[in-house]
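J.:
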Amino acid sequence: MLIDAQNIKGLIIDINTFGDKNINNLVKKLPSELKRTFIINNQLKGFSRKYNEDFLFTNSLEISKSKVVRQALIKMELNTHEVAYVSEDIHSFESLDSPVGTIFIGNGFDINNSGFLPDFLINKIEEVKNINTPKHIGYMGEWRSIDKEHKSNSRILVFNDSINANETKNIKIISSGRYYEYTKNNHNMHLLSNRIKRMKKFNQDDPYLTNIFKRLVKYINDKHFYVDGIISVPSRPGESNRFFNVCKQLSQHFNIENLNSLVFTIENYRPQQGLGQADRKVNVKDVFKTNFDFSGKNIVLIDDVISTGSTTKEVSKEILNAGANNVIVASLGINQFSSNSFIDTKTIKCSNCDGKIKLKINKSNEPYFECNQKSHTLNYNLGVNYSLNEINNQFMSKSFSPF
Numbered sequence: 001m002l003i004d005a006q007n008i009k010g011l012i013i014d015i016n017t018f019g020d021k022n023i024n025n026l027v028k029k030l031p032s033e034l035k036r037t038f039i040i041n042n043q044l045k046g047f048s049r050k051y052n053e054d055f056l057f058t059n060s061l062e063i064s065k066s067k068v069v070r071q072a073l074i075k076m077e078l079n080t081h082e083v084a085y086v087s088e089d090i091h092s093f094e095s096l097d098s099p100v101g102t103i104f105i106g107n108g109f110d111i112n113n114s115g116f117l118p119d120f121l122i123n124k125i126e127e128v129k130n131i132n133t134p135k136h137i138g139y140m141g142e143w144r145s146i147d148k149e150h151k152s153n154s155r156i157l158v159f160n161d162s163i164n165a166n167e168t169k170n171i172k173i174i175s176s177g178r179y180y181e182y183t184k185n186n187h188n189m190h191l192l193s194n195r196i197k198r199m200k201k202f203n204q205d206d207p208y209l210t211n212i213f214k215r216l217v218k219y220i221n222d223k224h225f226y227v228d229g230i231i232s233v234p235s236r237p238g239e240s241n242r243f244f245n246v247c248k249q250l251s252q253h254f255n256i257e258n259l260n261s262l263v264f265t266i267e268n269y270r271p272q273q274g275l276g277q278a279d280r281k282v283n284v285k286d287v288f289k290t291n292f293d294f295s296g297k298n299i300v301l302i303d304d305v306i307s308t309g310s311t312t313k314e315v316s317k318e319i320l321n322a323g324a325n326n327v328i329v330a331s332l333g334i335n336q337f338s339s340n341s342f343i344d345t346k347t348i349k350c351s352n353c354d355g356k357i358k359l360k361i362n363k364s365n366e367p368y369f370e371c372n373q374k375s376h377t378l379n380y381n382l383g384v385n386y387s388l389n390e391i392n393n394q395f396m397s398k399s400f401s402p403f
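Okay, so the sequence shown: first residue is 1 according to full-length UniProt numbering, each after it adds one.
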């Protein structure tokens, strides 16, 4: 699901990132019902005069795109949650700093630059027309964290990665969507992240997350290889394995081996959170061990969140060294290193008091929004709509504007 946009009505197209800058060709491929504004560097003002389109101009030295985004919203007379920023450069989202939707066109990203994933990944600009239809290409886990039976053509992320320097042993990493830590601005609007955080904090099973893992294993069976066994990243010594029940259910559902106890931790390494990529790799080096013969087996290794992949690669290496044919890592979310929004969704004010509206999950695993002073409760859809409108008002207000 788009965190920052629903029912797209307009596009902000960063033509600076496009290899083909023939505006007329691009316009022919866009849905006519969508409003559009092109942004372009000041140096190309002369180029823009050839086209009968709306242009906004940027300075290539500007760190943030928030000023031009706000100008585009005013020009199109649309709200932040009705507009998506479109780019062919995956790195351009790092400096967007605006609570609008995001669309990346192309396939030029890998696990090393997956920390700034957009709302939509499409191969060519013609696919923009699918975004407001059942053919949309959002992320599977982000939709199924809301609706377990969601049927649309949502995306599963797939990355290739090497587990050693000479790239003689490779694994695939697949994921159902993005994960925003509590400190990230988008966290309070992102249900998948809240479900994962709740599972990690309270070690509670969540049928929505188990269902997502089932979809991931089915995808592996259908697209890659028949799965022989399931295993999770081992816990540190003395800690319980929060995937114990998940592995048991997956084993029973797919009639595959539950190998969850056969890889273990031999050293109480420090938590990975807060460490850089190099330190994470050193921190888990040679801390996992197995005495089991995995010869000829195709294994799925499950984990909740992938950041640098250091832990899962180290576990995969041990399994492959024990004879396994293949290992695919299946994760619920890819950790996002930054939020593309100035607005902290945890600071949205309650309409009834001075409290803050928070996304919560009840004992039946259903989401809702509640004021932290207990004065007001909203169902999930109403809470999302209220929050989106408040975010738009904050971003467009002169008192908030950073420029």
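We treat Cβ as the ideally placed atom computed from N, Cα and C, and that holds for glycine.
Relative to the alpha-carbon of residue 10, which residue among 113, 128, 115, 67 has its alpha-carbon at the smallest distance?
T.: Of 113, 128, 115, 67, the residue nearest in Cα terms is 128.
J.: Quick one: give me the first and last residue of the alpha helix (DSSP H) that residue 220 is part of.
T.: Start and end: 207-223.
J.: So is residue 202 buried or exposed if we call it buried at 16+ other beta carbons inside 10 Å?
T.: That one is exposed.
J.: Can you list, in chain order, the residues of its chain with a C-beta nearer than 7 Å to that of residue 118? Leave out the 5 residues immediately preceding and following it.
T.: Closer than 7 Å at the Cβ level, and outside the excluded window around residue 118, lie 93, 102, 103, 104.
J.: Please report the straight-line C-alpha distance between residue 124 and residue 15, rounded to a whole angstrom.
T.: Approximately 14 Å, taken between the alpha carbons.
J.: Rounded to the nearest angstrom, how far is the Cβ of residue 268 from that of residue 236, given a contact under 8 Å?
T.: Rounded, the Cβ-Cβ distance is 5 Å, consistent with contact.
J.: Report back the beta-carbon spacing between residue 383 and residue 369 to the nearest angstrom; my notes put them in contact at under 8 Å.
T.: The pair is a contact, with the Cβ atoms about 3 Å apart (cut-off 8 Å).
J.: Return the chain-ordered list of same chain residues with a C-beta closer than 7 Å to the C-beta of residue 325, the five sequence neighbours on each side being excluded.
T.: The residues are 296, 297, 298.
J.: Identify which residue in 85, 331, 98 has its Cα closest to the Cα of residue 142.
T.: Minimum Cα distance to residue 142 is reached at 331.
J.: Which residue from 191, 169, 172, 171 puts its Cα closest to that of residue 178?
T.: For residue 178, the nearest C-alpha among the options comes from 191.
J.: Per DSSP, what kind of secondary structure is residue 165 in: helix, strand or coil?
T.: Here residue 165 scores only 46 on pLDDT, less than 50, and its place in the model should not be relied on; the value that follows carries that caveat. Residue state, collapsed to three classes: coil.
J.: Can you look up residue 317 in the DSSP assignment and give me helix, strand or coil?
T.: Helix at residue 317.
J.: Please state if the CB of residue 230 and the CB of residue 144 are separated by a distance shorter than 8 Å.
T.: Their beta carbons are not under 8 Å apart, which means residue 144 does not touch residue 230 by this criterion.
J.: May I ask which residues mark the beginning and end of the beta strand (DSSP E) holding residue 390?
T.: That residue, residue 390, is in no beta strand (DSSP E); its alpha helix (DSSP H) goes 380-396.
J.: If you drop the 5 nearest sequence neighbours on each side, which residues of the same chain put their C-beta closer than 6 Å to that of residue 259?
T.: Cβ within range, chain order: 229, 231.
J.: Excluding the 5 residues flanking residue 199 on each side, which residues of the same chain have their C-beta closer than 8 Å to its C-beta?
T.: Excluding residues within five positions, the ones whose Cβ falls inside 8 Å are 205, 206, 209, 242, 304.
J.: Give me the Cα-Cα distance between residue 18 and residue 265, rounded to the nearest whole angstrom.
T.: Rounded to the nearest angstrom, the two C-alpha atoms are 47 Å apart.
J.: Quick check on this structure: which residue in 50, 59, 98, 49 has the alpha carbon closest to the alpha carbon of residue 73?
T.: Here the closest residue by C-alpha is 98.
J.: According to DSSP, is residue 372 helix, strand or coil?
T.: Coil, per DSSP.
J.: Which residues does DSSP pair with residue 335 in a beta bridge?
T.: Paired residues: 179.
J.: Which of the three DSSP states is assigned to residue 133 in this structure?
T.: Residue 133 falls in the coil class under three-state DSSP.
J.: Let's test the definition: count the other Cβ atoms within 10 Å of the Cβ of residue 162 and tell me whether it reaches 16, buried, or not, exposed.
T.: By the 10 Å Cβ count, residue 162 comes out exposed.
J.: Which two residues bound the contiguous alpha helix (DSSP H) that contains residue 116?
T.: From DSSP, residue 116 is part of no alpha helix (DSSP H); its letter is neither H nor E.
J.: Exposed or buried, what is residue 353 when buried is set at 16 or more other beta-carbons lying within 10 Å of its beta-carbon?
T.: Exposed, since its Cβ has fewer than 16 Cβ neighbours within 10 Å.
J.: Using 8 Å for Cβ pairs, my map puts residue 76 next to residue 83. What's the rounded Cβ distance?
T.: So it is a contact: roughly 7 Å between Cβ atoms.
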